[in-house]
Amino acid sequence: RPRALSGIQPTAGSFHLGNYLGAVRQYVALQETHDAFYMVVDLHAITVPQEPAALRANTRLAVAQLLAAGLDPERCTLFVQSHVPEHAQLGWVMNCLTGFGEASRMTQFKDKAAKQGADRATVGLFTYPILQVADILLYQADAVPVGEDQRQHIELTRDLADRFNTRFGDTFTVPAPHIVKEVAKIYDLQDPAIKMSKSASTPKGLINLLDEPKATAKKVKSAVTDTDTVIRFDPAEKPGVSNLLTIYSTLTGRTIAELEKEYEGRMYGALKTDLAEVMVEFVTPFRARTQEYLDDPDTLDVILARGAEKARAVAAGTLAAAYDRIGLLPPR
Ligand code: AQP
Numbered sequence: 026r027p028r029a030l031s032g033i034q035p036t037a038g039s040f041h042l043g044n045y046l047g048a049v050r051q052y053v054a055l056q057e058t059h060d061a062f063y064m065v066v067d068l069h070a071i072t073v074p075q076e077p078a079a080l081r082a083n084t085r086l087a088v089a090q091l092l093a094a095g096l097d098p099e100r101c102t103l104f105v106q107s108h109v110p111e112h113a114q115l116g117w118v119m120n121c122l123t124g125f126g127e128a129s130r131m132t133q134f135k136d137k138a139a140k141q142g143a144d145r146a147t148v149g150l151f152t153y154p155i156l157q158v159a160d161i162l163l164y165q166a167d168a169v170p171v172g173e174d175q176r177q178h179i180e181l182t183r184d185l186a187d188r189f190n191t192r193f194g195d196t197f198t199v200p201a202p203h204i205v206k207e208v209a210k211i212y213d214l215q216d217p218a219i220k221m222s223k224s225a226s227t228p229k230g231l232i233n234l235l236d237e238p239k240a241t242a243k244k245v246k247s248a249v250t251d252t253d254t255v256i257r258f259d260p261a262e263k264p265g266v267s268n269l270l271t272i273y274s275t276l277t278g279r280t281i282a283e284l285e286k287e288y289e290g291r292m293y294g295a296l297k298t299d300l301a302e303v304m305v306e307f308v309t310p311f312r313a314r315t316q317e318y319l320d321d322p323d324t325l326d327v328i329l330a331r332g333a334e335k336a337r338a339v340a341a342g343t344l345a346a347a348y349d350r351i352g353l354l355p356p357r
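Under the UniProt record's numbering, the residues of the sequence shown are numbered 26 to 357, in order.
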């Protein structure tokens with residue numbers, strides 16, 4: 026079986042609809058076809074300030090949401106990044122292979138640093154994509170399910186895997202991004218020119234899966250569309266309506282063409298009301314399942330302990346091979 030690897034941050038508490046449609050849904054699908062490793066990336070989370078108690082609680086909450094979304098610890102390896110020390114260790118090796126200029130070109134860092142102010146951005150935020158390279162290469166991943174915003178980081182991963190292999194001999198699988206075009210970028214409901222994001226979206230434009238379903242329905246009903254009246258999928262001319270159609274289609278499994286036909290001659294209000302209902306039907310059981318997992322922290326911890334053990338068995342072998350190739354003297 027090919028390998029898949031991905032990670033999600035435990036920062037915001039609730040996953041948002043962009044995280045779910047762009048990434049987590051693909052995690053669930055790839056469990057069936059891949060030897061899949063999924064982790065909650067707490068070491069990435071601390072690249073920006075975190076309150077310790079909140080970070081701990083949000084890490085469990087992220088695991089509960091991944092299980093609620095359909096990850097099955099019998100079919101994938103689910104773990105917390107900091108439970109596997111090899112991530113930080115290979116991260117250092119990768120730091121030493123990355124050019125400063127090369128790292129400086131990462132657009133996500135530039136955006137986030139600009140938002141925080143250059144003085145407040147940490148070195149950790151700067152090297153975040155390089156730790157991500159280590160995350161992926163440790164598992165010899167073939168496929169990395171992510172949203173479009175991560176494409177540049179996967180390119181960096183490919184470059185560094187190639188560089189290492191050329192310099193020190195074949196060691197790492199060169200991975201490919203697994204980006205599902207239709208849902209690669211879910212847009213803010215209030216500003217369909219920007220991606221839905223926990224840091225950039227306004228509260229009204231961001232659908233958090235764990236919000237009150239009523240509040241979610243309200244956000245869908247007040248989504249920004251356009252001054253036209255035709256319900257048609259056309260991301261360039263009608264980004265708001267197209268975003269709603271994408272969400273609708275993905276959550277129901279109905280094609281965009283089918284939806285366009287159903288809503289022909291009808292008002293935007295009808296589309297929004299129906300989508301609000303679809304969304305409520307999706308988030309209501311998701312919230313309940315998340316709560317059930319949260320109510321049983323012992324079971325969560327057992328899942329994570331087994332996951333870390335399985336992950337370490339793979340990661341330790343890769344790290345040892347990499348250390349050996351670069352000439353680090355092994356301990357006796
Ligand atoms: N709007 C989105 N559409 C599709 N996919 C998305 N992802 C995030 N936003 C969208 C994907 O979700 C996965 C996990 O993301 P993360 O935990 O690394 O967080 P992020 O990418 O930093 O999420 P945000 O909300 O965009 O955070 P900020 O605002 O801090 O940048 C990734 O695979 C990501 O592609």
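Note that beta-carbon positions come from the ideal geometry of N, C-alpha and C, so glycine has one too.
Decide if residue i is buried, meaning its Cβ has at least 16 other Cβ atoms within 10 Å, or exposed.
i           : result
residue 420 : This structure leaves residue 420 out entirely; the chain is present only between 26 and 357.
Thr-72      : buried
Val-208     : buried
Pro-77      : exposed
Gly-265     : buried
Pro-74      : exposed
Gln-34      : buried
Pro-322     : exposed
Thr-298     : exposed
Lys-135     : exposed
Phe-125     : exposed
Pro-170     : buried
Identify the continuous alpha helix (DSSP H) that holds residue i and give its terminal residues.
i       : result
Leu-270 : 264-277
Met-304 : 293-319
Ser-129 : 125-129
Arg-26  : Unbroken run through Arg-26: none, as it is neither H nor E.
Asp-251 : Neither: Asp-251 is in no alpha helix (DSSP H) and is coded neither H nor E.
Ala-79  : 77-94
Ala-201 : It is not in any alpha helix (DSSP H) - Ala-201 instead sits in the beta strand (DSSP E) that spans 201-203.
Val-53  : 50-55
Val-109 : Premise fails: Val-109 is in no alpha helix (DSSP H) and is neither H nor E.
Lys-137 : 132-141
Tyr-153 : 148-162
Glu-283 : 281-287
Could you tell me the distance, in whole angstroms, from the CA atom of residue i to the CA atom of residue j?
i       : j       : result
Ala-139 : Ala-225 : 12 Å
Arg-291 : Asp-320 : 44 Å
Val-249 : Ile-219 : 12 Å
Asp-326 : Pro-200 : 30 Å
Asp-187 : Ile-256 : 46 Å
Trp-117 : Leu-156 : 8 Å
Thr-309 : Pro-238 : 7 Å
His-112 : Thr-277 : 37 Å
Ala-340 : Leu-354 : 19 Å
Gly-332 : Asp-97  : 11 Å
Met-131 : Ala-143 : 15 Å
Leu-103 : Leu-284 : 36 Å
Ala-336 : Asp-349 : 20 Å
Gln-177 : Ala-48  : 16 Å
Leu-235 : Leu-86  : 10 Å
Val-88  : Ile-281 : 32 Å
Glu-289 : Leu-296 : 10 Å
Arg-279 : Val-53  : 19 Å
Ala-301 : Arg-312 : 16 Å
Val-205 : Pro-110 : 31 Å
Phe-62  : Pro-27  : 11 Å
Leu-58  : Gly-95  : The question names Leu, but residue 58 in the sequence shown is Thr. Their backbone Cα atoms lie some 15 Å apart in a straight line.
Ala-242 : Asp-174 : 27 Å
Ala-29  : His-203 : 9 Å
Ala-347 : Asp-195 : 10 Å
Asp-253 : Ala-240 : 26 Å
Thr-343 : Thr-123 : 19 Å
Considering just the uninterrupted stretch of the beta strand (DSSP E) at residue i, what are its terminal residues?
i       : result
Met-221 : Premise fails: Met-221 is in no beta strand (DSSP E) and is neither H nor E.
Ile-351 : It is not in any beta strand (DSSP E) - Ile-351 instead sits in the alpha helix (DSSP H) that spans 322-351.
Thr-102 : 101-105
Phe-62  : 60-65
Ala-166 : Careful: Ala-166 lies outside any beta strand (DSSP E) and carries neither H nor E.
Check whether the Cβ of residue i lies closer than 7 Å to any heavy atom of the ligand ADP, and answer yes or no.
i       : result
Thr-252 : This structure simply doesn't include the ligand ADP; it includes the ligand AQP instead.
I'd like to know if the region 202-215 and the region 227-241 are in contact, where contact means that at least 3 CB-CB pairs between them fall below 8 Å. Contact between the region 202-215 and the region 227-241 is present, because at least three Cβ pairs lie under 8 Å.
Pull every residue with its beta-carbon under 5 Å away from any heavy atom of the ligand AQP, and keep them in chain order. After applying the 5 Å Cβ criterion, the set is Ile-33, Gln-34, Gly-43, Asn-44, Gly-47, Ala-48, Val-171, Gly-172, Asp-174, Gln-175, Lys-210, Ile-211, Lys-220, Met-221, Ser-222, Lys-223 and Ser-224.
Can at least three beta-carbon pairs, one atom from the region 179-198 and one from the region 156-168, be found at a separation below 8 Å? Yes, they touch.
Inter-stretch contact (C-beta, 8 Å, three-pair minimum) for the region 269-276 and the region 40-51: At 8 Å Cβ cutoff, the stretches touch.
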